[in-house]
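See below for the structure under consideration.
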Amino acid sequence: MKKIKTIVSLLVIAVLLVLMTDVNKLPVSAEEESEPVTYVVKYIESAGGWRYQSGDYYWRDKVSHRELYYMTQSIKDGDILVIDGSEHMLNLTLPVSLGNITFCHAPYAVVTANSVEDVYVLKDSTVAVNGDVVNAYVYDNATVNFNNNVTNLHIRKDSADDQTIAVIGTVDYVESSVEEWVTLRLYSFPENTFRVNEGSLKTEESNFSTVPPVVEDSVVESN
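Numbering-wise, the sequence shown is residues 0 to 222 according to numbering that gives the first Met the number 0.
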C-alpha cells in the first residue's frame, strides 16, 4: 500500500510540473506587452549619418549607437521618438503609429508615420509631419507643416518669437497661449485652411468657429 501511495504522489508531482511548464508557455496578452520604447535620433559627424539610441529621452555621448535601418525594423506601435536637432536633413518613414514625437531644435526634419498621439515641436525647429496627429504642441519660433488631420493644436508662446504653422488636413480645436495664459480658442477648421504666419492667423473667419461644436446625444432604440 505504501508503494502505491508513493507512486501516486510521484504521478501527481509529475502532472503539476507539466501544468506549470504549459502555463509558462502561454502567449502574452496585449496588456502584458512591454512598455513603449524611446528612440533618440541624432546626426553623428564621425559616423557620417543619422544614428539612434534607445532607452532614454536624451542622447548619451558615451553610449553606442546604430544605423536607423535597425530602428525601423524594431520600432512598434506606441513607441516614442526624439529628434535631436542637426543642420543635416532627416527624412524618416516609420510604418507604425507612434505615441510621441519630440522635435528638439531640429531645423530640417520630416517624419512620416501611420499616426501620432502627441507631437512636440520645440524652439528652432522646422519640420513636417505626415500622418494624423491627436495632440500637437508648437513652441516659440518653430515652423511646421502638418500634412494630415490634427485633432487638437496647442500653440505655446514663451518668448518674443512667433510660430509659422500650416495644416493640410482638418483641425478640430486650436488653443493659443502665452506662458500660462490662454489667449485664443478656435474650432472646426476645414481641410487645408489653417494657417499661422509668424504668429498671425491667416485663415478667413468663415473657415472656423469661435464656439465648440454641439455634440448630439446618441439615441438608443429599444425593441
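For every residue, glycine included, the Cβ atom is placed at its ideal position computed from N, Cα and C.
Item: Pairwise C-alpha distance: residue 42 and residue 87; Value: 7 Å
Item: Member of 155, 173 and 64 whose CA lies at the smallest distance from the CA of residue 45; Value: 64
Item: Simplified DSSP assignment, three categories, for residue 142; Value: strand
Item: Buried versus exposed call for residue 101 [16 or more other C-beta atoms within 10 Å across all chains shown]; Value: buried
Item: Cβ-based burial, residue 72 [other Cβ within 10 Å; buried from 16]; Value: exposed
Item: Identity of the residues DSSP links to residue 37 by a beta bridge; Value: 79
Item: Residue 150 vs residue 171 beta-carbon contact at 7 Å; Value: yes
Item: Assigned exposure category for residue 183 - 16 Cβ within 10 Å defines buried; Value: exposed
Item: Under 7 Å between C-beta atoms of residue 156 and residue 126; Value: no
Item: Candidates 62, 66 and 134: closest to residue 97 by CA position; Value: 134
Item: Selected residue, minimal CA-CA separation from residue 206, among 166, 215, 179 and 122; Value: 166
Item: Spatial distance of residue 115 from residue 34 (CA atoms); Value: 17 Å
Item: Close Cβ partners of residue 36 (< 6 Å) along its chain, the five nearest in sequence each way excluded; Value: 53 and 78
Item: For residue 52, the first and last residue of its enclosing beta strand (DSSP E); Value: 48-53
Item: Ordered list of beta strand (DSSP E) runs contained in the segment 107-166, each at least 3 residues; Value: 108-120, 125-138, 142-145, 149-156 and 163-166
Item: Segment limits, beta strand (DSSP E) that includes residue 89; Value: 89-92
Item: Residue closest to residue 111, alpha-carbon to alpha-carbon, out of 105, 103 and 93; Value: 93
Item: Proximity of residue 128 and residue 137 at Cβ, strictly below 7 Å; Value: no
Item: Distance, residue 50 Cα to residue 179 Cα; Value: 36 Å
Item: Inter-residue spacing [alpha-carbon to alpha-carbon] between residue 31 and residue 76; Value: Residue placement at residue 31 cannot be trusted, given a pLDDT of 43 that sits under 50; what the coordinates show is reported in the next sentence. Spanning the two alpha carbons is a distance of roughly 15 Å.
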